[in-house]
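> Same order as they appear, the protein sequences are chains A and B. For what it's worth, our numbering labels the leading residue of the first sequence as 55, then goes sequentially. For what it's worth, our numbering labels the leading residue of the second sequence as 232, then goes sequentially. Glycine included, C-beta positions come from ideal geometry on N, C-alpha and C. After the structure tokens below, expect a handful of questions from me.
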Amino acid sequence: NAGVMQNPRHLVRRRGQEARLRCSPMKGHSHVYWYRQLPEEGLKFMVYLQKENIIDESGMPKERFSAEFPKEGPSILRIQQVVRGDSAAYFCASSPTGDEQYFGPGTRLTVT
Amino acid sequence: AQSVTQLDSQVPVFEEAPVELRCNYSSSVSVYLFWYVQYPNQGLQLLLKYLSGSTLVESINGFEAEFNKSQTSFHLRKPSVHISDTAEYFCAVSSFGGGATNKLIFGTGTLLAVQP
Numbered sequence: 055n056a057g058v059m060q061n062p063r064h065l066v067r068r069r070g071q072e073a074r075l076r077c078s079p080m081k082g083h084s085h086v087y088w089y090r091q092l093p094e095e096g097l098k099f100m101v102y103l104q105k106e107n108i109i110d111e112s113g114m115p116k117e118r119f120s121a122e123f124p125k126e127g128p129s130i131l132r133i134q135q136v137v138r139g140d141s142a143a144y145f146c147a148s149s150p151t152g153d154e155q156y157f158g159p160g161t162r163l164t165v166t
Numbered sequence: 232a233q234s235v236t237q238l239d240s241q242v243p244v245f246e247e248a249p250v251e252l253r254c255n256y257s258s259s260v261s262v263y264l265f266w267y268v269q270y271p272n273q274g275l276q277l278l279l280k281y282l283s284g285s286t287l288v289e290s291i292n293g294f295e296a297e298f299n300k301s302q303t304s305f306h307l308r309k310p311s312v313h314i315s316d317t318a319e320y321f322c323a324v325s326s327f328g329g330g331a332t333n334k335l336i337f338g339t340g341t342l343l344a345v346q347p
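Set out below in structure tokens:
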């Protein structure tokens, strides 16, 4: 059983461009969580999705950030008009029930 | 609201010595507790978890943690560390029931630095 997959592993964007981060959960997992790891700030929850539904987006910035988990395909975290402060490692985690979460290797976003 | 405190940002220790990484949490509801390990430039690996049952939980590589409800602690211990245990360790808590979403609240992490 393959683990959680994230791509790309590294992403470089210029200020103002869009960033799309993909997460394929483990087989049989219908719960997906996104977290962001900022230098000096630690890991912070962003959003929790189940298939086709956003369950909790209390950690998402109000503007420029969006997430989806369609019926078919990976979960997508989308950041529009990126700024330097968006540079961070973004981790996806999946869970079969929501009780325990398994993390992917992360996408390291660098905004130049 | 929940919070997790890892008081030690870095713990230096010699190889084969015992180690304890401290974790305290605050929550007004029932919680699950976790320890994750992160090696440089990698994702987080689930090290061990407390969901219910025995308050002492163990990992396959010799780590153990004990859930202490009265002291709201979940300290991580290993009786003899190896160089390969050098990594960042994160304690995390999630709440369950009553509409909770099981999102993880993380501590700030403890860097375990094992020296030869």
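#1: Report buried or exposed for B/I291, applying the criterion of at least 16 other Cβ atoms within 10 angstroms of its Cβ.
#2: Can you give me the Cβ contacts of A/V101 inside the same chain, cut-off strictly under 6 Å, excluding the 5 residues immediately before and after it?
#3: Please determine, among A/R63, A/R67 and A/Q60, the residue with the shortest C-alpha to C-alpha distance to A/Q134.
#4: Which chain B residues sit within Cβ distance under 7 Å of A/I108?
#5: Are at least three pairs of beta-carbons, each pair with one atom in the segment 270-282 of chain B and one in the segment 250-257 of chain B, less than 8 Å apart?
#6: Name the one or two DSSP bridge partners that A/G96 has.
#7: If you measure from the beta carbon of A/A147 to each beta carbon in chain B, is any gap under 9 Å?
#8: Just to confirm my understanding: we take B/V260, look at its own chain, exclude 5 residues before and 5 after, and list those with CB closer than 6 Å. What are they?
#9: Please list the segments of the beta strand (DSSP E) lying wholly inside the segment 247-286 of chain B, counting only runs of 3 or more residues, in order along the chain.
#10: Given a cut-off of 9 Å on the beta-carbon distance, is the pair A/S84 and A/P150 in contact?
#11: By Cβ distance, which residues of its chain are closer than 8 Å to A/R63, with the 5 residues on each side in sequence left out?
In short:
#1: exposed
#2: W88, E111, M114 and A121
#3: A/R67
#4: What A/I108 touches in chain B: nothing, since even the nearest Cβ is about 11 Å away.
#5: no
#6: A/L92
#7: yes
#8: S326
#9: 250-252, 255-257, 262-269 and 275-281
#10: yes
#11: P159, G160, T161 and R162
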